Structures are given as structure tokens and as C-alpha cells.
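One structure is given here, and the rest of the page talks about it.
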Ligand code: HEM
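Numbering (this note's numbering), first residue to last: 223 to 589.
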């Protein structure tokens, strides 16, 4: 069956009313919160996804013989790249793992040739993928994100109030269909119950995919991680260390096991139903399925050595704009990220007096 994939062109992006002012307000509010966090910990942390649950070395193998619509940009050649992966929890503060929150899986692909999107990093050899265990970003526009950010700032000393606000917003918001086509209850998402190594992770918003437009996802593939999909976290492990069990679970898993995940792309087939300017709209799999493009293998290793934690938290920066122009993020919620990731990373590096290093070799990741 012939499918009409929507072709990328610069006019798929549409600047929003008041976008510059709203973006500036987001950056300023996040920076204020970040300074408060610095004083709280006397150490600078990320404005978002501050708590790290494991840093892993892996290998991403781009599949051979992909059809034309998938053989785009980085995925146009079958090649294997080393990667660094950082698992995290979404808040811009260090919280107990018992709290329901979204989790992140950031992947830095190393050794990627070609001029990069950011002029100041055009010679970098990295392409980053930032993924979260939820298919959409409920605050899918800068305007919505700004409203949320104002609440974060307002509730800075009462995070439980912010959490209840977030929960209410999700329930009020659009119902998200999970990948089996069932309606999922936003109250359930990311609870400590769902195993972070069995979750699916998504770009949530759109990126350019060479000649096309896509959302990106990664899913468990080897039996050991596939078996964890939708499974609750081990109660005993939660009881052993209620505040930090996520880090322990990742560490114990990779002490002995290898995991395989599969990366896929969901191409836009209808710009009305699958918009780029609102990341809260779910692109339905019946309109366009996720199609496999690469395999990620993670061998057993120590996921949380002190050297690794410091390198990943304080030296590295994952940023969706660390990318080839063929994979540049799209839409207003992505455009604001160009400003906030830079602000967050430069403040963190300056206050911790750490170098900002974009790796050129996997050997730079300490064991
Ligand atoms: C659209 C979907 C989004 C996804 C999938 C996503 C995912 C992620 C992930 C996985 C990380 C952790 C990176 C790491 O391990 O270092 C991260 C960090 C971060 N995110 Fe997002 N995010 C999204 C949207 C946003 C938005 C809309 C904002 C703010 C307007 C934002 C602000 C940040 C900041 C400031 C950091 C820390 C950057 C640093 O200090 O290096 N994100 N994000």
C-alpha cells in the first residue's frame, strides 16, 4: 500500500503569537528556580531531569536496507555507533524516587560525521536523542509550558502542591492512548510501580526526519527488558531504599545482564492530525505506526560509579539541538528548548567550575 508521508519544508513550523516574550519568560523563570536549587544544594543541577538513575555505555546499530522513507539523515547508512545513555527523573530538583513523575532516557550518539545544526557546535561529533516515558508532552506549546513553569516557581517550597497541580492538569487534559490502543489513566503514568527499564520512551514532540517529519521512540526488545514492560517495580527494592531505589534497580540489573532496545520512527502522514506546533496531540499508531530503524545494545557494566555520575551530571550536556540539520527539533515547544538547555547547561558548568565537553570518543566516559 502506498503511504503519503508528509514532506518536510521550512513552512511546517509556524511562529506563534507572543512566542518571543513567552520564551523569554520561560527562560527567566527556569533560571530563577535553578539559582534557588543551587543555593539549596550548593551545587548546580539541571533545570529539568536533575536526578540521574544510571549512566550506561551502549551501541546503536542502524539497520541495513531500510526503505527510502526510513533511510534518512543518520539512518541512511547501516553503521554502528557508541552511545552514552543517562536515565533520569523529570523534576529540576533531587526528589525521592517514591514520587510519581516522568522519567527520561537521554542518548548521546558519538562519532556522527557531518556539520551539526548549532553553528557554535558545527564540528561536534554527536547526535543526541532525548526521550521520556510518555508519548506526548501535556504542555505542548510554549504558552502551556509557561503556565506550568509559573506554578513550579510559585510552589518551589511545596513540591507536593505542584505535584497535585500536575496530576489535575493531566487528568483534565487529553486522554492518552497507550500503544495497545487502550485508554490509559493519566493518574497512573510514571508511578514508582512501572519499571523504568521496561518502559517505552518517546521524543514526545516532532523532529525533522530528513525529507520527512517524525516522532522517535525506543522500546524494550530483548526478553529480559520486554518482560519488565508494564511491570511494577520490586516492592522489596523500594522498601530497601525508598528514596533511591531507581538507581539501585538499574545498577543491579546491569551488574549481570545485557539489554537490547529498538529505536523506531513514526512518520507524519497528515499534518492536521499529526501537528508539529502542539506536542500535546498524540500521533495515533493507526494513522502511522512506529517503524524500526536501529537496535541499541547495552552490555552488563557498572551504571553508577562515582566517576561516571560526576561526568554525566556535571560535565556532559544532552540537548535535542545537538543534532544533524536533518534531525532538527520542530515546533514551538522545541524552539524554546534551544534557549533553555543552553541556559541550564552554561549556568551548571559555570557554577560547578566544570568544563563543557562534547565527547569525540566513547573512551571519555569513565568506567
Ligand atoms: C518535548 C519533549 C521533551 C523531552 C522528550 C525532554 C526530555 C529531556 C530529557 C530526557 C532530559 C535529560 C537530559 C540529560 O539526561 O541530561 C531533559 C533535560 C532538560 N529539559 Fe527537557 N524534554 C522535553 C521538553 C522540554 C521543555 C519544553 C523544556 C523547557 C522549556 C525542557 C527543559 C529541559 C532542561 C532545562 C533540561 C536540562 C538541560 C541541562 O542542564 O543540560 N525540556 N529533557
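We put the beta carbon where it would ideally sit given N, CA and C, even for glycine. All of these numbers come straight from a predicted model, not from anything done at the bench.
Report the rounded CA-to-CA distance for residue i versus residue j, giving the unit in angstroms.
| i | j | result |
| --- | --- | --- |
| residue 240 | residue 233 | 18 Å |
| residue 531 | residue 274 | 8 Å |
| residue 431 | residue 570 | 31 Å |
| residue 464 | residue 500 | 36 Å |
| residue 227 | residue 504 | 17 Å |
| residue 585 | residue 279 | 10 Å |
| residue 460 | residue 494 | 44 Å |
| residue 548 | residue 229 | 12 Å |
| residue 587 | residue 510 | 37 Å |
| residue 270 | residue 338 | 24 Å |
| residue 537 | residue 579 | 6 Å |
| residue 516 | residue 440 | 9 Å |
| residue 352 | residue 224 | 31 Å |
| residue 422 | residue 255 | 30 Å |
| residue 567 | residue 247 | 18 Å |
| residue 374 | residue 554 | 20 Å |
| residue 253 | residue 369 | 16 Å |
| residue 245 | residue 478 | 45 Å |
| residue 310 | residue 231 | 33 Å |
Which residue comes first and which comes last in the alpha helix (DSSP H) that contains residue i?
| i | result |
| --- | --- |
| residue 367 | 364-376 |
| residue 327 | Per DSSP, residue 327 belongs to no alpha helix (DSSP H); it is in the beta strand (DSSP E), 325-332. |
| residue 469 | 467-478 |
| residue 239 | Looking at the DSSP string, residue 239 is not in any alpha helix (DSSP H), and its letter there is neither H nor E. |
| residue 562 | 554-574 |
| residue 531 | 528-532 |
| residue 461 | 457-462 |
Per the DSSP calculation, residue i is bridged to which residue(s)?
| i | result |
| --- | --- |
| residue 493 | None, per the DSSP bridge assignment. |
| residue 245 | Answer by DSSP bridge pairing: none, since residue 245 is not bridged. |
| residue 450 | According to DSSP, which records beta bridges pairwise, residue 450 is partnered with nothing at all. |
| residue 523 | Residue 523 pairs with nothing; no bridge assigned. |
| residue 483 | 442 and 518 |
| residue 308 | 277 and 328 |
| residue 210 | For residue 210 there is no data in the structure shown, the boundaries of the chain being 223 and 589. |
Can you tell me where the beta strand (DSSP E) with residue i in it begins and where it stops?
| i | result |
| --- | --- |
| residue 356 | Neither: residue 356 is in no beta strand (DSSP E) and is coded neither H nor E. |
| residue 284 | 273-284 |
| residue 227 | It is not in any beta strand (DSSP E) - residue 227 carries neither H nor E in the DSSP assignment. |
| residue 167 | The requested residue 167 is not part of the displayed model; the chain covers only 223 to 589. |
Stretch-stretch touch, CB-based, cutoff 8 Å, three pairs: the stretch 302-309 with the stretch 442-453: no
Given 8 Å as the limit, is there contact between the stretch 339-346 and the stretch 278-290, that is, 3 or more CB pairs closer than that? Result no; under three Cβ-Cβ pairs closer than 8 Å.
Would you say the stretch 427-443 touches the stretch 481-492, given that touching needs at least three Cβ pairs under 8 Å? yes
Taking contact to mean at least 3 C-beta pairs separated by less than 8 Å, is the stretch 242-262 in contact with the stretch 366-382? yes
For the structure I just gave you, are there three or more beta carbon pairs, one from the stretch 240-250 and one from the stretch 361-372, closer than 8 Å? yes
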